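**Student:** As they're listed, the protein sequences go chains U and V. So for the first sequence, my numbering puts the first residue at 1; every next one is plus one. So for the second sequence, my numbering puts the first residue at 310; every next one is plus one. C-beta: ideal position from N, C-alpha, C; glycine also. Predicted, not measured: the structure shown is a model, and the values here were computed from it.
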Amino acid sequence: MNIIDIGFFAAAVRLAIPLLLGTLSELTSERSGTLNLGIEGMMLAGALAGFSTAAATGSLWLGVLAAIATGAAIGAIMAVLVLILRLDQTVTGLGVSMTATGLVFYSYRLAFTETGTPPSITPFSTIAIPYLSEIPFLGPVFFNQYALTYIAYLMVPALAFFLYRTPAGLALRSVGENPQAAAAAGVNPIRVRFLALLFAGALAGLAGAYLNLAAFGSFTFGIVAGRGWICLALVVLGRWNPFACAAAALLFGAVDAFQLRLQTSGSVDLPYQLFLALPYAATLVAMIFNGRRTAGPAALMQPYDAERR
Amino acid sequence: MRLVARTRKTSRVREAMLPVAAVLASLVICGLLILIAGANPISAFGIMVSAAFGGKFALTETLARSAPLILAGLAALVALRTRFWNIGGEGQILAGAMASAWIGALPNLPAPLLIPCMIVGAALAGAALAALPATLKLKLGVDEVVSTLMLNFIVMYVMMALLSGPWKDPLTGWTDSPDILPAAEFPTFWRGTRLHLGVLIAFGAVVVIGVMLSRTTFGLSMKIVGENPKAAKHAGLNVARVTLFAALVSGALAGLAGAGEVGGTQFQVIASISSGYGYAGIVVAMLARLSPAGVIPAALFLAALTTGADEMSRQTSVPFFIADAMQGISLIAVLVAMTLSRYEIKFDSFERASRS
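#1: Count the other CB atoms, across all protein chains shown, that sit within 10 Å of the CB of V/W394; report buried if there are 16 or more and exposed otherwise.
#2: Kindly list, in the order they appear in chain U, the residues whose Cβ is closer than 8 Å to that of V/V455.
#3: Any Cβ of chain V within less than 7 Å of the Cβ of U/G93?
#4: Could you compute how far the alpha carbon of V/A662 sits from the alpha carbon of U/L27?
#5: Could you have a look at U/N241 and say whether DSSP puts it in helix, strand or coil?
#6: For a quick check, are the C-beta atoms of V/G560 and V/L472 less than 7 Å apart?
#7: The stretch 42-53 of chain U: which residues have C-beta closer than 9 Å to a C-beta of chain V, in chain order?
#8: Round the Cβ separation of U/F194 and U/L83 to the nearest angstrom and send it over; I've been treating them as touching at under 8 Å.
#9: Leaving out five residues before and five after U/G201 in sequence, what residues of the same chain have Cβ atoms less than 6 Å from its Cβ?
#10: So V/F462 contacts chain U; which residues on that side make the cut at Cβ distance below 7 Å?
#11: Going by the CB atoms, is the gap between V/E453 and V/G587 shorter than 7 Å?
#12: Taking all protein chains shown into account, decide if V/Q727 is buried (16 or more other Cβ within 10 angstroms of its Cβ) or exposed.
#13: Closest to U/T99 by CA distance: which of V/K532, V/W483, V/M468, V/S335 is it?
#14: So, do the stretch 353-371 of chain V and the stretch 419-426 of chain V have three or more beta carbon pairs nearer to each other than 8 Å?
#15: Can you say whether U/D5 is buried or exposed, counting buried as having 16 or more other CB atoms within 10 angstroms of its CB?
#16: Would you mind sorting V/A543 into buried or exposed? The rule is 16 or more other CB atoms within 10 Å of its CB.
#17: Where does U/A277 fall in DSSP's three states?
#18: With a threshold of 6 Å on Cβ separation, who are the neighbours of V/T502 within its own chain once the five nearest residues in sequence on each side are excluded?
#19: Between the stretch 642-650 of chain V and the stretch 320-329 of chain V, are three or more C-beta pairs nearer than 8 Å?
#20: Are any of the Cβ atoms in chain V nearer than 7 Å to that of U/L60?
#21: Quick check on the burial criterion: 16 or more other C-beta atoms within 10 angstroms. Buried or exposed for V/D478?
#22: Expressed to the nearest angstrom, what Euclidean distance is found between the alpha-carbon atoms of U/T122 and V/A608?
#23: Would you mind reading off the limits of the alpha helix (DSSP H) that contains U/Q89?
#24: Taking its Cβ as the centre, do 16 or more other Cβ atoms sit within 10 Å of V/K446, making it buried, or is it exposed?
#25: Among U/F289, U/N188, U/G208, whose alpha-carbon lies nearest the alpha-carbon of U/A168?
#26: I want to see whether chain U comes within less than 7 Å of V/M459, judged by CB atoms only; does it?
#27: Within 10 angstroms of the Cβ of V/P252, are there 16 or more other Cβ atoms? Answer buried if so, exposed if not.
#28: Compare the C-beta of V/V451 against all C-beta atoms of chain U and say whether one is closer than 7 Å.
#29: Roughly how many angstroms separate the alpha carbons of U/P322 and U/A12, rounded to a whole number?
#30: What does a CB cutoff of less than 6 Å around V/V534 pick up in its chain, not counting 5 residues either side in sequence?
#31: DSSP state of V/L312, grouped into three classes?
#32: Would you list the one or two residues that DSSP bridges to U/Q145?
#33: Tell whether a beta-carbon distance below 7 Å holds between U/I39 and U/G205.
#34: Mind reading off the beta-carbon distance from V/A381 to V/A566? Whole number of angstroms is fine, and I expect it under 8 Å.
#35: Reducing DSSP to helix, strand and coil, say where V/Y254 ends up.
#36: List the residues of chain U whose Cβ lies closer than 8 Å to the Cβ of V/T648, in chain order.
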């Protein structure tokens with residue numbers, strides 16, 4: 001089997017989309033000043049909510065909605081904990097991920113017992129975009145994908161436009177850099193950060209739903225398998241910029257597709273695990289070379305207390 | 310809804326009761342989860358308690374399981390006290406496990422030296438892995454939350470590559486490391502139980518860290534750096550050196566947890582050698598409210614949760630994953646309880662909260 005062909009690039013895009021959605025999610029919350037370590041749990045919860053809703057109702061789009069709602073609900077819980085109760089973001093985020101993971105596995109085991117066969121769903125099929133899909137190379141790679149993929153494409157310029165060209169986007173970035181100054185200018189930092197976390201949760205849930213409703217078509221315990229943590233890395237690599245983050249996500253979608261092909265082909269004797277470590281290693285190297293410039297928004301991880309100036 | 314700082318200082322008794330309240334709250338949630346699973350919470354808790362504490366075997370098993378949690382908890386505690394956000398405990402445990410498994414299988418080492426070398430090697434491996442993010446933070450200003458998290462996955466995948474590459478059994482194809490030599494297996498100090506040297510090390514570490522934090526200059530300077538780095542600088546403390554030292558101690562403790570699992574429990578490295586002890590250590594440290602003595606009951610609680618949930622899932626319809634959920638819930642509960650002891654919640658609208 002030839003490892004690098006057109007199918008490889010299409011698979012790279014397919015595997016990049018959950019990373020892209022998750023990275024945009026993390027980028028939004030971090031730009032508002034919240035490090036969201038709950039993202040891994042949100043993606044997993046979105047995956048289960050999407051899968052079980054689609055299996056129960058037979059509607060994939062209802063599954064997508066359920067995943068978005070579940071992610072946003074966990075985002076709201078996280079927001080109450082870190083914004084209103086001002087708990088430490090690092091430890092709380094880990095706690096949210098642990099709890100969500102535990103509860104997802106628990107409820108999956110309850111709903112679908114070990115001995116029974118889990119329900120199957122018919123995942124989204126690909127839609128070829130007229131004309132665009134006929135472009136050589138680019139067409140089959142980018143424009144013969146799932147509807148959710150096209151939504152993800154549009155999210156990148158939409159989020160960039162929102163962040164850099166709208167007053168609300170400016171408010172979001174300003175509470176991430178200097179919430180006191182933003183508050184003095186009439187912006188409510190808590191409210192902005194709350195909304196940012198809601199949106200981040202919704203996007204993370206969507207990323208989870210994409211994994212089983214489009215990419216894999218089933219739910220497994222390892223469906224997210226650290227993709228949430230990779231998104232944390234990609235935000236640093238993409239320097240908190242939507243377009244750079246999208247490029248980073250594409251790159252690591254390709255790495256993911258490559259290691260999957262290595263695993264299945266068996267002809268090349270390369271340890272595929274080292275490729276799995278690549279996103280993390282690349283992020284570490286980028287952090288070493290960029291040093292303080294990879295520090296992110298100035299007020300990241302700093303709780304906002306209106307009574308303290 | 311907003312937080313208002315309490316004016317009166319809370320009493321010590323109340324402070325000490327906080328983790329207990331948090332554990333109770335999470336047990337109530339656990340009871341609800343058991344109800345949803347269609348089992349009787351009272352009898353299910355009964356099964357858990359007797360599986361974790363009923364009889365010599367259960368009790369010693371829970372103690373043995375608490376050893377890596379105690380060490381990982383101490384590792385998190387030392388780092389968090391100094392505000393070095395080491396969430397790389399998991400990777401440091403794996404590094405310690407790999408180092409001790411490698412040393413424990415060295416054929417040329419004199420037998421009496423095997424175990425001491427494994428222990429020292431594991432501590433050094435863990436410390437070295439923690440030294441990297443600490444140096445990056447101090448020299449380049451790289452945020453340690455992300456860097457320690459990245460290192461967890463890098464180390465994990467390197468370990469997986471080793472297990473399915475150089476360490477793979479050429480005959481059976483099993484992805485386990487070679488067994489350590491019989492002379493490298495940690496002795497048990499109570500016949501018929503799993504109470505091995507690693508358990509002793511864990512409990513000894515509680516005493517050592519406790520004394521270090523409260524009785525030595527370094528311990529006190531760590532506390533000052535953690536509470537107020539600016540004041541520490543003004544007081545003439547070398548903040549960078551104190552932080553680096555805390556990171557090294559934290560990594561070494563996590564490495565020791567890996568040595569205990571290899572030397573006392575598995576006698577080799579398997580893919581699931583740590584199963585999240587590094588992250589659980591953070592839960593232990595928070596439940597202990599960052600006090601070394603509190604680490605023991607906190608670790609015992611989490612260990613009892615896993616032994617208990619194991620047995621409960623065998624006897625009832627309750628899935629084992631309840632232990633994972635409980636771990637996260639108790640972490641959040643204790644964080645909330647600690648905040649509520651320092652602040653009161655006033656309910657008023659968002660607008661007023663931000664303007665006041």
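**Tutor:** In terms of the structure at hand:
#1: buried
#2: L232, A233, V236, T283, M287
#3: So, not an interface residue.
#4: Annotation note: pLDDT 45 at V/A662 (below 50); position unreliable, coordinate value reported separately. Straight across, the Cα-Cα distance linking V/A662 with U/L27 is about 26 Å.
#5: Assignment of U/N241 by DSSP, reduced to helix, strand and coil, places it in the coil class.
#6: no
#7: none
#8: 6 Å
#9: Within its own chain, the residues whose Cβ lies closer than 6 Å to the Cβ of U/G201, once the five positions on either side in sequence are excluded, are M42, G71, A72, I74, G75, listed in chain order.
#10: G226, W229, A277, Y280
#11: Contact flag unset, no.
#12: The shown model of chain V, from 310 to 665, leaves out residue 727 of chain V, and the question about it has no answer.
#13: V/S335
#14: no
#15: exposed
#16: The amino acid at residue 543 of chain V is misidentified as Ala; the sequence shows His. Under this definition V/H543 is an exposed residue.
#17: It is coil, neither helix nor strand.
#18: T369
#19: yes
#20: no
#21: exposed
#22: CA-CA distance, U/T122 to V/A608, rounds to 45 Å.
#23: Where U/Q89 is concerned, the enclosing alpha helix (DSSP H) stretches over 89-111.
#24: buried
#25: Ranked by Cα distance from U/A168, the first of U/F289, U/N188, U/G208 is U/N188.
#26: yes
#27: Coverage of chain V is limited to positions 310 through 665, which leaves residue 252 of chain V absent and any answer about it impossible.
#28: yes
#29: In the structure as shown, chain U starts at 1 and stops at 309, and residue 322 of chain U therefore has no counterpart that could be examined.
#30: If we look at V/V534 and ignore the five residues flanking it on each side, its Cβ neighbours are T391, A541, V548, V551.
#31: strand
#32: U/I127
#33: Contact annotation: U/I39 and U/G205 have beta-carbon atoms that are not nearer than 7 Å.
#34: Correct: roughly 5 Å between the Cβ atoms.
#35: An answer regarding residue 254 of chain V cannot be provided, because it is not within the stretch 310 to 665 covered by chain V.
#36: V/T648 reaches chain U at L85, R86, L87, counting residues in chain order whose Cβ is nearer than 8 Å.
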